[in-house]
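Written out below as structure tokens is the structure these notes cover.
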Amino acid sequence: MALRTFEARVGWPVLRERFVGRIPERELVLLDEAVDFAARWHGDQVRPAGEPYVEHLLEVVCVLIEAVETTDIDVLRAAVLHDVVEDTGCALDDVRMRFGDRVAVLVDWVTKPAPTGGQSPAEAWSAYLARLHDAPADALIVKLADRLSNVQRLDSHPRPEKRRSYYQETVRSIVPLAQSHPWFRQWYATWCERFRHLAGDRPAVP
232 MALRTFEARV GWPVLRERFV GRIPERELVL LDEAVDFAAR WHGDQVRPAG EPYVEHLLEV
292 VCVLIEAVET TDIDVLRAAV LHDVVEDTGC ALDDVRMRFG DRVAVLVDWV TKPAPTGGQS
352 PAEAWSAYLA RLHDAPADAL IVKLADRLSN VQRLDSHPRP EKRRSYYQET VRSIVPLAQS
412 HPWFRQWYAT WCERFRHLAG DRPAVP
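Quick note, the sequence shown lines up with residues 232 to 437 if you use our numbering.
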């Protein structure tokens, strides 16, 4: 089976037109606001391969709408905003004041916390991944779509060692989270096979 990938290089206005008919116009306006908010906070940030950061955020939305067929506007807004607290100076309270409690809760679930209580960054990251096992379904699909966007073209990452470690971490910690969702389960199974060459000494499928 071919690996389905998602792109957002065409930008939000073109994507928005694709979503007309799937999402009511009054809710697309709400999504417009989230896209604008995220774009302003992320500014000129870029991904490791050099693409504008906002493309990643929009890819996550594409996965949720076009593959998972999510139309819940709070989930879609949380998808656009999922990195704004972790990777910019925006506070979670800023998200809550602008977009409401539910969106803020979803963003909080997928935001990696800073190390606390003497934790190392690695320990904080492990605790974050473990916590995701208790995430509500709406937060979990945001996380699964987020990681999908990050790894769908993993061979394009400029650092070979990061490709290997990201593959292994995804197989170990993210693929198990996908097992309760049929579409993500199949996508990640296909992805594991597509990138099996990055497995190293670890099995490609848990």
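The beta carbon of each residue, even a glycine, is placed where N, CA and C say it ideally should be.
query, result
"So is residue 289 buried or exposed if we call it buried at 16+ other beta carbons inside 10 Å?", "buried"
"Mapping the DSSP letters down to three states, classify residue 344 as helix, strand or coil.", "coil"
"Would you call the CB atoms of residue 395 and residue 349 closer than 8 Å?", "no"
"What separation, rounded to the nearest whole angstrom, lies between the Cα atoms of residue 262 and residue 399?", "34 Å"
"Pull up the DSSP beta-bridge partners for residue 251, would you.", "254"
"Answer with buried or exposed for residue 378, where buried requires no fewer than 16 other C-beta atoms within 10 angstroms of its C-beta.", "buried"
"Under the three-state reduction of DSSP, which class applies to residue 334: helix, strand or coil?", "helix"
"Applying the 10 Å Cβ sphere with the 16-neighbour rule, what's the burial state of residue 383?", "buried"
"Helix, strand or coil, according to DSSP, for residue 352 in the structure here?", "helix"
"Taking the alpha-carbon positions, what's the residue 366 to residue 428 distance?", "31 Å"
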